[in-house]
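With the numbering used here, the residue at position 58 of the sequence shown is 59, and numbering never jumps. Ideal Cβ placement from N, Cα and C applies to all residues, glycine included. Remarks on the structure that follows.
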Amino acid sequence: MNPFSTLKGQTQAKLLLSSAVSQGRLAHAYIVSGPAGSGRLTAALDLAKVWICPVEERGFCGLCRHCRQIDSLIHPDVRITIPRLKTTTEDEIAEIFRTRAEDGITPLRLQGNTYVSIDQIRELGHRLSRKSFEGYGYVEIIIDAHLLRREAANAMLKTLEEPPAGTLILLITSRLSGMLPTVRSRAHTIRFGRLTNKMVEEVLTERTGVSAETAAKLALHADGCPGQALLLGREKLDDQKEVERVFLMIFDDSLGYMELAAEADGIARILGRDGLITLCRDMSALVHDYRRGLSGASPLTRQKLPGISSADDCMLHNMSRLFICCEERLRANVSPAMAFSAAVAGSRENRAYK
Numbered sequence: 002m003n004p005f006s007t008l009k010g011q012t013q014a015k016l017l018l019s020s021a022v023s024q025g026r027l028a029h030a031y032i033v034s035g036p037a038g039s040g041r042l043t044a045a046l047d048l049a050k051v052w053i054c055p056v057e058e059r060g061f062c063g064l065c066r067h068c069r070q071i072d073s074l075i076h077p078d079v080r081i082t083i084p085r086l087k088t089t090t091e092d093e094i095a096e097i098f099r100t101r102a103e104d105g106i107t108p109l110r111l112q113g114n115t116y117v118s119i120d121q122i123r124e125l126g127h128r129l130s131r132k133s134f135e136g137y138g139y140v141e142i143i144i145d146a147h148l149l150r151r152e153a154a155n156a157m158l159k160t161l162e163e164p165p166a167g168t169l170i171l172l173i174t175s176r177l178s179g180m181l182p183t184v185r186s187r188a189h190t191i192r193f194g195r196l197t198n199k200m201v202e203e204v205l206t207e208r209t210g211v212s213a214e215t216a217a218k219l220a221l222h223a224d225g226c227p228g229q230a231l232l233l234g235r236e237k238l239d240d241q242k243e244v245e246r247v248f249l250m251i252f253d254d255s256l257g258y259m260e261l262a263a264e265a266d267g268i269a270r271i272l273g274r275d276g277l278i279t280l281c282r283d284m285s286a287l288v289h290d291y292r293r294g295l296s297g298a299s300p301l302t303r304q305k306l307p308g309i310s311s312a313d314d315c316m317l318h319n320m321s322r323l324f325i326c327c328e329e330r331l332r333a334n335v336s337p338a339m340a341f342s343a344a345v346a347g348s349r350e351n352r353a354y355k
């Protein structure tokens, strides 16, 4: 079976990885960087099957016990480390892995101010010091590697510099800049990008069988990421244009700061934490489309953009960062109203001083 055949788009990433596989020149460590839902874990699991599958040389069969165990996230030699809290239990970890294996959609991510601890990295090192269970080597995957605490990242350096024979390390991240330069310099970086709406629609229809009309609507909210579109489809989001309402609200000079704050507070109370996380992702996608428009490129996530007063790229970049930060604060259990109001107010102030 050809590796990465189920991965939609990502032409450059697939070319680099497929070339390394076909030539038998896979590196010992890769950083797989890109937005959540863009296919990073899919690619990582394909690499794990290439590394472990004993049936096909420089590929994988997809049918043997090893391939099936990797797809089910239960292979003893393919371990996935995810950020966690001190209070996280093994049962919680097992449940999220079970859910992901069943639906292929659920993110391997826990709520709260999670991180990868030095104890987790020490455990990883201890595993790699022993012979693999099946004798085909180890694959270690770290999700959200930008959440490695500094001491954990430093502890990881020796493993990255001198990995045990037969070991493949895959660091998945959506924030490459959040990783230590010393870690980044010891692994090959593979970048994933956003897909066109058409590609996202194709993934939706292939995976879920939804109508073309429904797929088109969901793709508009997916920020060019098939994984996000699949999540939105499962959650059955309606046609609300809340994100455009918030965007236009920020640019509505007839609203004073007090009125703007009241509107933001009301939206936060209605949508709640999970709804605001989705809205923040949609805001980032909308701002990204405006920035593309300023550079003369076509929007990725929607056909028509709401009209606003003049904006420059620097201002829009700062606005995007504010809503990305808001999403991170929401996941860290900051008050939804406080986090969202700060992002909205910050965006208005950003306009004032552009």
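Would you call the stretch 173-184 in contact with the stretch 28-37, where contact means no fewer than 3 C-beta pairs closer than 8 Å?
Yes: at least three Cβ pairs fall under 8 Å.
Output the boundary residues of the beta strand (DSSP E) element that contains residue 312.
Taken as a continuous stretch (DSSP letters only), residue 312 belongs to no beta strand (DSSP E), as it is neither H nor E.
Are three or more beta carbon pairs between the stretch 103-122 and the stretch 228-235 nearer than 8 Å?
They touch, by the three-pair rule.
Compute the Euclidean distance between the alpha carbons of residue 272 and residue 320, then round it to the nearest angstrom.
Going by C-alpha positions, residue 272 is about 20 Å away from residue 320.
Evaluate contact between the stretch 330-344 and the stretch 273-281, counting only Cβ atoms and requiring at least three cross-stretch pairs below 8 Å.
Segments in contact, yes.
Check residue 1 in the structure and name its three-state DSSP category.
Not covered by the structure: residue 1. The range shown for the chain is 2 to 355.
Residue 58 by DSSP, collapsed to three states: which one?
coil
Residue 341 vs residue 265 beta-carbon contact at 9 Å:
yes
Please name the residue or residues paired with residue 110 in a DSSP beta bridge.
In DSSP, residue 110 forms no bridge with anything.
Boundaries of the alpha helix (DSSP H) in which residue 202 is found, first to last residue
It spans 198-209 - the alpha helix (DSSP H) in which residue 202 sits, taken as one unbroken run.
Quick one: is residue 348 buried, meaning 16 or more other Cβ sit within 10 Å of its Cβ, or exposed?
Residue 348 should be labelled buried.
Apart from the five residues on each side of it in sequence, which residues of its chain come closer than 6 Å, Cβ to Cβ, to residue 10?
Counting only Cβ-Cβ distances below 6 Å, and skipping sequence neighbours, we find 196 and 200.
Check residue 232 in the structure and name its three-state DSSP category.
helix
CB contact flag (residue 181, residue 142, <9 Å)
no
Inter-stretch contact at 8 Å, needing at least 3 Cβ pairs: the stretch 76-96 / the stretch 111-126
yes
Does the stretch 91-102 come close enough to the stretch 64-80 to have 3 or more Cβ pairs within less than 8 Å?
Contact check between the stretch 91-102 and the stretch 64-80: three or more CB pairs, one atom from each, fall below 8 Å, which counts as touching.
Out of 270, 191 and 5, which one is the CA nearest neighbour of residue 62?
5
Closest by CA to residue 38, which one among 282, 190, 248 and 24?
282
Taking one C-beta from the stretch 289-296 and one from the stretch 253-260 each time, how about it: are there three or more such pairs within less than 8 Å?
no
Where does residue 127 fall in DSSP's three states?
helix
What separation, rounded to the nearest whole angstrom, lies between the Cα atoms of residue 153 and residue 127?
14 Å
Cβ shell of residue 183 (< 8 Å), same chain only, five flanking positions each side left out
Cβ within range, chain order: 154, 155 and 158.
Residues that residue 140 bridges to, as DSSP identifies them
79 and 169
On a Cα-Cα basis, can you pick out the residue from 260, 24 and 300 that is closest to residue 346?
260
Helix or strand or just coil, what does DSSP make of residue 222?
coil
Exposed or buried, residue 248, counting other C-beta atoms within 10 Å across all chains shown (16 or more means buried)?
Result: buried.
Mind checking which residues open and close the beta strand (DSSP E) that includes residue 34?
Unbroken beta strand (DSSP E) run through residue 34: 30-34.
Examine the Cβ distances between the stretch 37-57 and the stretch 11-24 and report whether three or more of them are shorter than 8 Å.
Result yes; three or more Cβ-Cβ pairs closer than 8 Å.
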